[in-house]
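Accompanying notes for the structure given below.
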Amino acid sequence: MTFLRGGRDAHPAPRTQDTPTAERPEDEKPPGRLMGLYGLQHILALYAGVIAPPLVVATAVGLDTVETGLIVSGALLVSGLATLLQTLGVWKFGAKVPLVIGASFVPVTAMTAIADDAGLPAVFGASVVAGLFGILVAPFVASLIRFFPPVVTGSVITVIGVTLMPVAVGWIAEDGNDGAPTGTALALAGATLAITLLLSRLLPGVWNRASILLGMVLGTLIAAAFGRVDFSAVAEGPMLSIARPFHFGAPEFQVTAIVTMCVVMLVILVEGVADILATSQVVGTKMDGRRLAAGLRADAATAVIGPLFNSFPGSTFSQNIGLIALNKVKSRYVVAVGALILVAMGLFPVLGRVAAMIPAPVLGGAGLVLFGSVAAAGIQTLGRVDYEGNHNLVIVAVALSLGVVSITAPGFFAVFPDWASTLLGSGIVTGTAAAVLLNVFFNVLGRSGDGSSTRAQERSDPAGPVPARD
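Set out below in structure tokens:
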């Protein structure tokens, strides 16, 4: 089967929209026995990221344990439903690529401020309006795809990977002081990393693609030997939980909160553009404006349906891009199976508690491989860019530099107004904006008489297909 032979044997991306969809790499279907295995890898890689935003908001507004559990379950359920929408597509919603949607960190600060001032109903009301706003403007945002040649997408993918790396480091250092991990945490992360690399080297065929999952399982077993796994927590709490719609009250609509959340939605959509294009590059599939708009609508839809289940706006997750780049499993149906697991976790909290047993250092050890793979995919894309007789090197240099500002100095943009600091506080947004604007300045507006800038733009033309590559 083509799927099992990996990236080198995968079908090339289609050249026209009339090409049968079966030829698209993302439409391949692995054997049913492997669907759950590969899908579970995606969920374990991003589980902590899905539940973190609702936990932060719940803690900030002082919710009790039961209410916090409701919000977390709602976030898992909405994430699963939105991911099904993104991978399978319904009408004009969903890019039909192997991309996961989860609760977004972008609006956390804004939602906390709104909740402190007017309560959670105001957060949910503003979320609904912002979601409808995002659905309406998605085609306009997607129309900017022509400004994303490889010099831009390569820079953006690299920035995504670099901005994710501190997440893995944070998991490893979670129990330490001043950012330094404990000896046990360092040993667990190192063991997980070593096991993952060893399995990647030794395991044949389909098992090689499960090396991340197996590494986390074995890392957790080692952690259990050190007494770092609490198995008793699995039995605590209900087995089945169905969230009551609008548990915290009917949505309230306040102008200030709505404007704030609409600005946040623009940030989510810009990040969505970067993630969807990054996924299409890694998968090796064609991504046009119409398909991109459908993906952005799926992102925005989480803000509309989320409040119904006591959840918050979601966004595309960068974590699973690294997993696709690493194991070459490009099927959107695999991620759809993972979405079903998320839905089950939302309805059966016991499943979430099982996943939550994985210690943070174990996740961090696996995350170093996953997130580094995202950056490596970006570097691979940048390798196709022509740097002779143009300013593409400057574009890459500045985009990468600005993209890491918020990592090295999180409060760097605090001197700007709140709306601006919200936008600039995301390294992905900052790096993307820099790459796009500089590409326009040098390669679009700055065309020279000899046509060198034009040729540079053509060599980096995003309209052509991106071949599936190892």
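Going left to right, the sequence shown walks through residues 61 to 530 as the working numbering numbers them. Each residue gets a CB set at the ideal place from its N, CA and C atoms; glycine is no exception. Quick caveat: nothing in here was measured; it's all calculated off a predicted structure.
>> According to DSSP, simplified to helix, strand and coil, what is phenylalanine 408?
In response: Reduced to three states, the DSSP call for phenylalanine 408 is coil.
> Can you find at least 3 beta carbon pairs, one from the segment 327–346 and one from the segment 187–199, that sit closer than 8 Å?
Replying inline: Result yes; three or more Cβ-Cβ pairs closer than 8 Å.
>> List, from N- to C-terminal side, the alpha helix (DSSP H) runs of 4 residues or more that fit wholly inside the segment 264–315.
In response: As summarised for the segment 264–315, the continuous alpha helix (DSSP H) elements at least 4 residues long and confined to that stretch are 265–269 and 271–285, given in chain order.
> Helix, strand or coil: which one does DSSP assign to serine 508?
Replying inline: Because serine 508 carries a pLDDT of 49, less than 50, the predicted location of this residue cannot be relied on, and the following value inherits that uncertainty. In this structure, serine 508 counts as coil in the three-state DSSP scheme.
> Grouping DSSP H, G and I as helix and E and B as strand, with all else coil, what is isoleucine 161?
Replying inline: It is a strand residue.
>> Using only the alpha-carbon positions, how far apart do aspartate 359 and methionine 325 sit?
In response: Going by C-alpha positions, aspartate 359 is about 9 Å away from methionine 325.
>> Checking the sheet assignment: what are the DSSP bridge partners for glycine 374?
In response: Per DSSP, Ala163.
> Where does serine 203 land, buried or exposed, given buried means 16+ other C-beta within 10 angstroms?
Replying inline: Counting Cβ neighbours within 10 Å, serine 203 comes out exposed, since fewer than 16 surround it.
> Is valine 211 closer than 8 Å to valine 445 when the C-beta atoms are compared?
Replying inline: Yes, Cβ-Cβ distance for valine 445 and valine 211 is below 8 Å.
>> Please confirm whether threonine 244 has its beta-carbon closer than 8 Å to some beta-carbon of chain C.
In response: The question asks about chain C, but that chain is absent: this structure has only one protein chain.
>> Can you give me the C-alpha to C-alpha distance between aspartate 348 and alanine 334, rounded to a whole angstrom?
In response: In this structure, the alpha-carbon of aspartate 348 lies about 13 Å from that of alanine 334.
> The alpha helix (DSSP H) with phenylalanine 184 in it runs from where to where?
Replying inline: For phenylalanine 184, the enclosing alpha helix (DSSP H) begins and ends at 180–202.
>> With distance defined between alpha-carbon atoms, name the residue in Ile467, Ala105 and Leu159 nearest to leucine 274.
In response: Measuring from the Cα of leucine 274, the nearest candidate turns out to be Ala105.
> In chain order, what residues of the same chain have a beta carbon less than 6 Å from the beta carbon of alanine 249, not counting five sequence neighbours either side?
Replying inline: Sequence-distant Cβ neighbours of alanine 249 in its own chain, meaning closer than 6 Å and more than five residues away, are Ile232, Pro421, Gly424 and Gly425.
>> According to DSSP, is threonine 81 part of a helix, a strand, or is it coil?
In response: Low local confidence applies: a pLDDT of 45 at threonine 81 is under 50, so the model's placement there is unreliable, with the coordinate-based value given in what follows. Note: threonine 81 maps to helix in three-state DSSP.
> Given leucine 300, which residues of its chain have a CB within under 7 Å of its CB, disregarding the five upstream and five downstream residues?
Replying inline: Answer for leucine 300: Leu407 and Phe408, listed in chain order.
>> Once DSSP output is grouped into helix, strand and coil, what is the label at alanine 358?
In response: Helix.
> So, using beta-carbon positions, are alanine 303 and leucine 136 closer together than 8 Å?
Replying inline: No; because the gap between Cβ atoms is not below 8 Å, this pair is not in contact.
> In the structure shown, what three-state DSSP assignment does aspartate 176 receive?
Replying inline: Here aspartate 176 sits in helix by DSSP.
> Between which two residues does the alpha helix (DSSP H) containing proline 226 stretch?
Replying inline: DSSP places proline 226 in the uninterrupted alpha helix (DSSP H) bounded by 210–232.
> Three-state secondary structure (DSSP) at phenylalanine 153?
Replying inline: Correct three-state label for phenylalanine 153: strand.
> Skipping 5 residues on each side, what residues in its chain have a beta carbon closer than 7 Å to that of valine 434?
Replying inline: Excluding sequence neighbours, valine 434 sits near Ile217, Ile220, Gly221, Leu224, Ser378, Ile381, Gly382 and Ala385.
> So what's alanine 474 in DSSP terms, helix, strand or just coil?
Replying inline: In this structure, DSSP gives alanine 474 a state outside helix and strand, which the three-state scheme calls coil.
> When burial is assigned at 16 or more other CB atoms within 10 Å of the CB, is proline 91 buried or exposed?
Replying inline: Only exposed fits proline 91, as fewer than 16 other CB atoms lie within 10 angstroms of its CB.
> Ordered along the chain, which non-local residues of its own chain (more than five positions away) have a Cβ less than 7 Å from that of alanine 495?
Replying inline: Same-chain partners within the cutoff: Val212, Ser215, Val216, Ile455 and Ala459.
>> Between the alpha carbons of proline 167 and lysine 152, how many angstroms are there, rounded?
In response: In this structure, the alpha-carbon of proline 167 lies about 25 Å from that of lysine 152.
> Looking only at its own chain, which residues have a Cβ that is under 7 Å from the Cβ of tyrosine 107, when we skip the five neighbours before and after it?
Replying inline: Counting only Cβ-Cβ distances below 7 Å, and skipping sequence neighbours, we find Ala415.
> In whole angstroms, what separates the C-alpha of tyrosine 98 from that of glutamate 83?
Replying inline: Cα-Cα distance, rounded: 21 Å.
>> Quick check on aspartate 348: does DSSP put it in helix, strand or coil?
In response: The answer is coil: DSSP assigns aspartate 348 none of H, G, I, E or B.
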